[in-house]
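Peer 1: My structure is below; once you've seen it, I'll send some questions.
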Amino acid sequence: MKGKVLVTGASGFAGSHLAKLLVSKGYDVRVLVRKTSSLDYIRDFLDKVEVVHGDITSESDLADAIEGCDIVCHVAGALGHGVSRELLWATNSMAVGLVAKVCLSKNVKHLVHCSTAYVLGLPSARFALEDSVAKPETEYELSKADGEKKVLEYANKGLNVTVLRPPPIVGPGDTKNLLKLFKMASKGVFPLVGSGDNLFQVVYVENLSHAFEFVLGNEQAYGRVFHVADEATSLKCFVEMLSNALGKKVYFICFPVFLMACVAEISELISRFGFSLPMTKSRLRMMTKDYSYSTEALKGLSWSSKKGLQEGLVETVKWYQNKGLI
């Protein structure tokens, strides 16, 4: 399905990659950005997109941005790091409902919403399915789960909706998701809690962008939720892949789980007084539990990743090095 596509969050990491891909595929692309947003991520192809200023929490701004669009790719969202509860819920829940509401009123042919695999919370089994029991815990997980629920409600009202659930997104331009892991690996020493054998999964940003483009106008994707992820590895293996991309040998320092659990408990207590420690309960959970997701549903529609994870990590390292971030 070709036509006019609105991309929200296009001034950010994932949204800019998607907008660039859609332009290259011949779509008529409109981007919705705040007036205060930097346009650095889309500077190279700014003359090839229509820029509309507005806020995704404003129904009138959304109405202006969505007017005349055939497709809406809703990528904008707030991560959980250092973001207030109010902003998380306004951006990840309330705004999602508004986007779907306006899409329905403007007769948009297809809304593709970027959720997160973390709406499941801690997966109940390895390679969790899309319909696995969801147990979101953090405010980020809860707000994203509620936003996903809102957008799917509009599928029952006649709106063609597809939800994509990526795990953490890696790639050139990422300064929030996994940069810390790259920095730690670049120093040649990496702390592990326990053995590091727990499963860990990410998605390369270009693979996510191609998944968006793949489902656009695909009737088999309407009303459905899909995990979009690259191959799962152990956390230790993932760090070794990072070290290979960096061209460095990495040495692991392993800390006992029980010790870090005590540190996490203390961190939770002192956080009430404005202090923080590098280990929290949610971070401990991420470093010791399996977070892996089945992508068989999307593969069943003949989708496949365009690039291997190792190749994506190499490209990410080059970008970080060019920017002086590692």
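Adding 1 to a residue's 1-based position in the sequence shown gives its number in my numbering. All C-beta atoms, glycine included, are put in the ideal place defined by N, C-alpha and C. Predicted model, so just to flag it, every value in this text is computed and none were measured.
Roughly how many angstroms separate the alpha carbons of residue 224 and residue 200, rounded to a whole number?
Peer 2: As a first step, residue 224 must be located in the sequence shown, where it is residue number 223. As a first step, residue 200 must be located in the sequence shown, where it is residue number 199. Cα to Cα, residue 224 sits roughly 29 angstroms from residue 200.
Peer 1: Taking residue 176 as the reference, give the member of 252, 317, 19, 33 with the closest Cα.
Peer 2: Position 175 of the sequence shown, counted from the start, is the residue given in the question as residue 176. The option with the nearest alpha carbon to residue 176 is 317.
Peer 1: Does DSSP put residue 313 in a helix, in a strand, or in coil?
Peer 2: On the sequence shown, residue 313 is found 312 positions in, with the first residue counted as 1. Residue 313: helix per DSSP, three-state reduction.
Peer 1: Within 8 angstroms, do at least three Cβ pairs link the region 149-161 to the region 125-134?
Peer 2: At 8 angstroms Cβ cutoff, the stretches do not touch.
Peer 1: Per DSSP, residue 319 forms a beta bridge with which residues?
Peer 2: As a working note, residue 319 is residue 318 in the sequence shown. The partner list for residue 319 (beta bridge, DSSP) is empty, contrary to what the question assumes.
Peer 1: Taking contact to mean 3 or more Cβ pairs, one atom from each stretch, closer than 8 angstroms, check whether the region 204-212 and the region 296-316 are in contact.
Peer 2: Verdict: yes, contact present.
Peer 1: Please state the DSSP three-state secondary structure of residue 252.
Peer 2: Here residue 252 refers to the residue found at position 251 of the sequence shown. In the structure shown, residue 252 sits in a strand (DSSP, three-state: E or B).
Peer 1: Enumerate in chain order the residues of its own chain whose CB-to-CB distance from residue 97 is below 6 angstroms, with the five nearest sequence positions on each side excluded.
Peer 2: Walking along the sequence shown from the start, residue 97 turns up at place 96. Here the set comprises 148, 151, 152.
Peer 1: How should residue 115 be labelled, buried or exposed, when 16 other C-beta atoms within 10 angstroms of its C-beta is the threshold for buried?
Peer 2: Translated into the one-based positions of the sequence shown, residue 115 becomes position 114. It is buried - the Cβ of residue 115 has at least 16 other Cβ atoms within 10 Å.
Peer 1: Using CA atoms only, rank isn't needed, just tell me which of 184, 167, 240 is closest to residue 325.
Peer 2: Along the sequence shown, one-based indexing puts residue 325 at 324. Measuring from the Cα of residue 325, the nearest candidate turns out to be 184.
Peer 1: What residues are listed by DSSP as bridge partners for residue 200?
Peer 2: For this step, residue 200 is matched to residue 199 along the sequence shown. Bridge partners of residue 200: 235.
Peer 1: Which partner residues of residue 175 appear in the DSSP bridge assignment?
Peer 2: Taking the first residue of the sequence shown as position 1, residue 175 is located at position 174. Paired residues: none, contrary to the question.
Peer 1: I'd like to know whether the C-beta atoms of residue 40 and residue 53 end up nearer to each other than 7 angstroms.
Peer 2: Within the sequence shown, numbered from 1, the residue matching residue 40 stands at position 39. Within the sequence shown, numbered from 1, the residue matching residue 53 stands at position 52. Not closer than 7 angstroms, so no.
Peer 1: Measure the C-alpha to C-alpha separation of residue 222 and residue 163 and round it to an integer number of angstroms.
Peer 2: Along the sequence shown, read from residue 1 onward, the residue named residue 222 stands at position 221. Along the sequence shown, read from residue 1 onward, the residue named residue 163 stands at position 162. Taking the straight line joining both Cα atoms gives about 6 angstroms.
Peer 1: Going by DSSP, what residues sit across from residue 72 in a beta bridge?
Peer 2: Along the sequence shown, read from residue 1 onward, the residue named residue 72 stands at position 71. Note: residue 72 sits in a beta bridge opposite 6, 111.
Peer 1: Is the CB-CB distance between residue 111 and residue 27 below 7 angstroms?
Peer 2: The sequence position of residue 111 within the sequence shown is 110, counting from 1. The sequence position of residue 27 within the sequence shown is 26, counting from 1. No, these two residues do not count as a Cβ contact at 7 angstroms.
Peer 1: If we count Cβ pairs, one from each stretch, closer than 8 angstroms, do we get three or more for the region 86-102 versus the region 251-269?
Peer 2: The answer is no - the region 251-269 does not touch the region 86-102, with fewer than three Cβ pairs under 8 angstroms.
Peer 1: Counting only the same chain and skipping the five closest in sequence on each side, list residues whose C-beta sits under 7 angstroms from that of residue 19.
Peer 2: Counting from one through the sequence shown, the residue named residue 19 turns up at place 18. The residues are 8, 74, 76, 210, 213.
Peer 1: On the DSSP bridge list, what partners appear for residue 136?
Peer 2: Residue numbering aside, residue 136 sits at position 135 when the sequence shown is read from its first letter. Note: residue 136 sits in a beta bridge opposite 122.
Peer 1: Taking only runs of the alpha helix (DSSP H) that begin and end inside the region 5-58, which ones reach a length of at least 4 residues, in chain order?
Peer 2: If we require 4 residues or more, the alpha helix (DSSP H) runs fully inside the region 5-58 come out as 14-25.
Peer 1: Going by DSSP, name the residue or residues bridged to residue 259.
Peer 2: Residue 259 sits at position 258 when you count from the first residue of the sequence shown. Bridge partners of residue 259: none, in fact.
Peer 1: Using the C-alpha atoms, what's the distance from residue 229 back to residue 23?
Peer 2: Position 22 of the sequence shown, counted from the start, is the residue given in the question as residue 23. Position 228 of the sequence shown, counted from the start, is the residue given in the question as residue 229. The straight-line gap from Cα to Cα measures roughly 18 angstroms.
Peer 1: Work out the CA separation of residue 235 and residue 216 for me, nearest whole Å.
Peer 2: On the sequence shown, residue 216 is found 215 positions in, with the first residue counted as 1. On the sequence shown, residue 235 is found 234 positions in, with the first residue counted as 1. Taking the straight line joining both Cα atoms gives about 29 angstroms.
Peer 1: From residue 68 to residue 37, what does the alpha carbon distance come to, in whole angstroms?
Peer 2: The count along the sequence shown starts at 1 and reaches residue 68 at position 67. The count along the sequence shown starts at 1 and reaches residue 37 at position 36. Roughly 22 angstroms separates the two Cα atoms.
Peer 1: Can you give me the start and stop residues for the alpha helix (DSSP H) that residue 190 sits inside?
Peer 2: As a first step, residue 190 is located in the sequence shown; it is residue number 189 there, counting from the start. Looking at the DSSP string, residue 190 is not in any alpha helix (DSSP H); the run it does join, the beta strand (DSSP E), is 190-194.
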